[in-house]
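Worksheet for the structure shown next.
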Amino acid sequence: MLEVKEISKNFGEFKAIDQLSFNVKIGDVMGFLGPNGAGKTTSMRVITGYLNSDHGSVKINNKDINVDPIYTKSTIGYLPEGVPLYLDFSPNLYLDYVCQVRDIKNSKNAIKKVISDLQLEDVKDVPIETLSKGFKRRVGIAQALIHNPKLLILDEPTDGLDPLQKFEVRKLIKKLSKTKAIIISTHILDEVPEVCNKCLIINNGQKIFEGTPNQLKKKIGKTLDEKFRKLVS
Amino acid sequence: MLALIKRELKLYFITPVAYIFTAIFILTSMSLTFYFGSFFSSGVAELSIFFSFIPWVFIFFISAVTMKSWSEEKRLGTIELLLTLPIPLWKIVLSKFIATWAFVTFSIVLTFPIWITVNYLGNPDNLIIIGQYLGVILMAGAYISLGIFFSSLTSNQIIAFILSILVSFLFTISGFPLMINFITGVLPVEIVELISSFSFLTHFSSIQTGFFSLKGLFFFISFIALWNYLTILKFLVRD
């Protein structure tokens, strides 16, 4: 599904990503881990086509993102860092706009489905500006899901949610993983064994671990937190 | 693309900002005409006085309208969602331009009471007035394309506003008689002609007679195309 091959990205002298390679296939939920500034968001931005890489290639269904950007972008559902949204719009109006720009047939049903999946019924006509952080995040996830993408890229999807909402979103991700390839960046390590079947740790733009959450645990033992601290320090 | 244009227009009209901008534009252009243009005492039933103030009002009005175009998307981060949509970049850039142009055209059309006034007071040549209105709308496109480009450079609306005012002012004033007289004494004739040929006023004055000159039409259309192209280029060469 997704094939990332030796991508590098520099910002001036700073190496944000350095020769990063990995693959994700349908059924995978890959936890993308690393300390702040490790290059997680930059990697996601390159994969989604927001940033151009300096080196390497990204292919989705064997199509290069630079050769066929319209196709590759149409297969991705993306929740950017910080959940940017048009604050004057209501969730309903915003999702309707997303349906129109993505040319989604039967948009009413698509909106109804994501509103129900993300439990947005009560706030669907309220300006996004007035919503809590948790609701905003759920609207962000809703816009990423509405076109039923095969590749889902979520930058910290559960950040700011209360425990119940976190549980619901994780449940949703698990449900979606059967038919999609999913990449989640997260700071919450406990989330990894719960929802992910694959995990990738990067530091200073370089891959330092790739495997299953169990392999990660086995490699050093003890808790994931300890392992994580050890790897990135 | 239509959906993008519709969203841009909704963003204008969902808050009172668009209505306030339109009201200020109408009030400013009207009051300049009536108070400083001696509209009534001129005793002529035509709108040339009104139209002669428009470029100066545009410098501020259009810079204010366009300043948030891309700056706001950058500040909110929504630019990331916009540029990762499966839509070609040129369509995204053009849809912002078209929506803003439509909004400004709406504001220009709302100055129609002054047209009714001259028809009530005398017998103006309405064909000329229609030509003048079309010319003003075309010139507005030039100011908008420029303003949107400067908005694409920064996430700070105020910086976008000031840059747009500054450059719009230069493109306007370079054909102003006072300015031409001043530079004629300093620069060779060819350069003076070159500078004034880039002025909105020079091309607008030919349109102001109510008849489109091909030169004026070509100037404004290529000006709009150039600045939109620069905006596209700005995003193509982004990191």
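From first to last, the protein sequence lines stand for chains D and X.
Numbering-wise, the first sequence is residues 1 to 233 according to the numbering used here.
Numbering-wise, the second sequence is residues 1001 to 1239 according to the numbering used here.
All residues carry an ideal CB built from backbone N, CA and C; glycine is no exception.
Everything numeric in this text was worked out from a predicted model, so none of it was measured.
The stretch 45 to 54 of chain D makes no contact with the stretch 185 to 202 of chain D: fewer than 3 CB pairs, one atom from each, lie closer than 8 Å. With respect to the 8 Å criterion, Gly140(D) and Val83(D) are classified as neighbours on the basis of their beta carbons. Neighbours of Gly82(D) in chain X, taken as residues at a C-beta separation under 8 Å, are given in chain order as Gly1077. Nearest C-alpha to Lys1006(X) among Ser1095(X), Ile1173(X), Leu1163(X) and Ser1069(X): Ser1095(X). At least one C-beta of chain X is nearer than 8 Å to the C-beta of Ser74(D). Restricted to the stretch 1039 to 1126 of chain X, the alpha helix (DSSP H) segments that are unbroken, complete and at least 4 residues in length are 1048 to 1066, 1068 to 1076, 1078 to 1083, 1089 to 1109 and 1112 to 1121, listed in chain order.
Phe1220(X) places its beta carbon 8 Å or farther from that of Gly1131(X).
Not one beta carbon of chain X lies nearer than 8 Å to the beta carbon of Val24(D). With a threshold of 8 Å between beta carbons, Pro1055(X) makes no contact with chain D. Listed along the chain, the chain X residues whose CB falls inside 9 Å of the CB of Gln206(D) amount to none; the nearest CB is some 20 Å away. Across the stretch 1013 to 1028 of chain X, CB contacts with chain D closer than 9 Å involve Ile1014 and Thr1015, in sequence order along the chain.
Contact between Ser185(D) and Phe32(D) holds, since their C-beta atoms are separated by about 4 Å, short of 8 Å.
Here Gly34(D) carries a coil assignment [DSSP, helix/strand/coil].
Proximity to Gly1135(X) across Ala1099(X), Ala1023(X) and Thr1105(X) peaks at Thr1105(X), based on C-alpha coordinates. Setting aside the 5 residues that flank it on each side, Lys73(D) is surrounded in the same chain by Gly49, each with a C-beta closer than 6 Å to its C-beta; the list follows chain order. Judged by their CB atoms, Leu1009(X) and Ala1099(X) are nearer to each other than the 8 Å cut-off.
Around the CB of Thr1111(X), 16 or more other CB atoms lie within 10 Å, so the residue is classed as buried. Among the bridge pairs identified by DSSP, Asn23(D) is matched with Glu3(D). Excluding sequence positions up to five before and after Lys63(D), its CB lies within less than 6 Å of the CB of Tyr71 and Thr72, all in the same chain and listed in chain order. In chain X, no part has a C-beta under 9 Å from the C-beta of Leu154(D); the shortest such distance is about 13 Å. Not flagged as an interface residue toward chain D: Leu1233(X), since no C-beta distance is shorter than 8 Å. Asp155(D) has Ser185(D) as its beta-bridge partners, per DSSP. The beta-carbon separation of Leu79(D) and Leu154(D), rounded to 4 Å, stays under the 8 Å limit for a contact. Comparing alpha-carbon positions, the option among Ile76(D), Gln19(D), Val101(D) and Ser90(D) lying closest to Phe135(D) turns out to be Ser90(D).
Those residues of the stretch 1172 to 1206 of chain X placed with their C-beta closer than 7 Å to a C-beta in chain D do not exist.
Between Leu1011(X) and chain D, the shortest Cβ-Cβ separation is below 8 Å. Within 8 Å of the CB of Arg102(D), the CB atoms of chain X belong to Leu1085 and Pro1086, in sequence order along the chain. Its Cα nearest to that of Thr1117(X), the residue Glu1046(X) stands out among Trp1227(X), Tyr1229(X), Ile1014(X) and Glu1046(X).
Comparing alpha-carbon positions, the option among Asn109(D), Thr179(D), Lys108(D) and Ile111(D) lying closest to Val24(D) turns out to be Thr179(D).
Going by C-alpha positions, Ser1038(X) is about 13 Å away from Ser1029(X). Judged by DSSP secondary structure, Glu121(D) falls outside any alpha helix (DSSP H); it is assigned neither H nor E. Excluding residues up to 5 positions away in sequence, Ala1142 lie with their Cβ nearer than 6 Å to the Cβ of Phe1223(X) in the same chain.
Sorting Leu20(D), Ile26(D) and Met1(D) by C-alpha distance to the C-alpha of Lys9(D) places Leu20(D) at the top.
Met1179(X) and Ile1148(X) have their alpha carbons spaced roughly 26 Å apart. Judged by DSSP secondary structure, Ser1197(X) falls within the alpha helix (DSSP H) whose first and last residues are Val1189 to Ser1197. Residue range Leu1214 to Leu1236 is occupied by the alpha helix (DSSP H) that includes Phe1223(X), with no beta strand (DSSP E) assigned at that position.
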